[in-house]
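To keep things clear, I will list the structure first and then write my remarks on it.
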Amino acid sequence: MGLGNPDYANTMYLLAKVLSQQGKGKDAEALIRESIRILEEAGLGESPACIQRMKFLSLELVKSKQLAEAENLQRKILHNLELSKVC
Numbered sequence: 012m013g014l015g016n017p018d019y020a021n022t023m024y025l026l027a028k029v030l031s032q033q034g035k036g037k038d039a040e041a042l043i044r045e046s047i048r049i050l051e052e053a054g055l056g057e058s059p060a061c062i063q064r065m066k067f068l069s070l071e072l073v074k075s076k077q078l079a080e081a082e083n084l085q086r087k088i089l090h091n092l093e094l095s096k097v098c
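The sequence shown stops at residue 98 when you use our numbering, and every number in between is there.
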């Protein structure tokens, strides 16, 4: 399993969730961004898994008061949902 593998991205996502629960939001944010990047580079940017990660990142951004970025990410999520027709 390589660093650009979607399974690796999933492991990073799960670790980010643990770090978030431990109050380590900045570390969680970095891992979730990397997880999303890997999925997007693998052509999975519109997948339910990637959308789930973007939702989680948006929540982390709200927690850290990065509201403008959270709003932009929510807009991207809506756009991806429209493209994928997943609701």
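Using N, Cα and C, we set each Cβ at its ideal position, and we do this for glycine too.
Return the CA-CA distance between Pro59 and Ser95, expressed in angstroms with no decimal places. 9 Å
Between Lys76, Ile62, Leu14, Gly54, which has its C-alpha nearest Lys37's C-alpha? Lys76
So, using beta-carbon positions, are Ile49 and Lys66 closer together than 9 Å? no
Run through DSSP, which three-state label would Ala60 get? helix
Which runs of the alpha helix (DSSP H) spanning at least 4 residues fall entirely within the stretch 18-95, listed in chain order? 36-52, 59-74, 78-95
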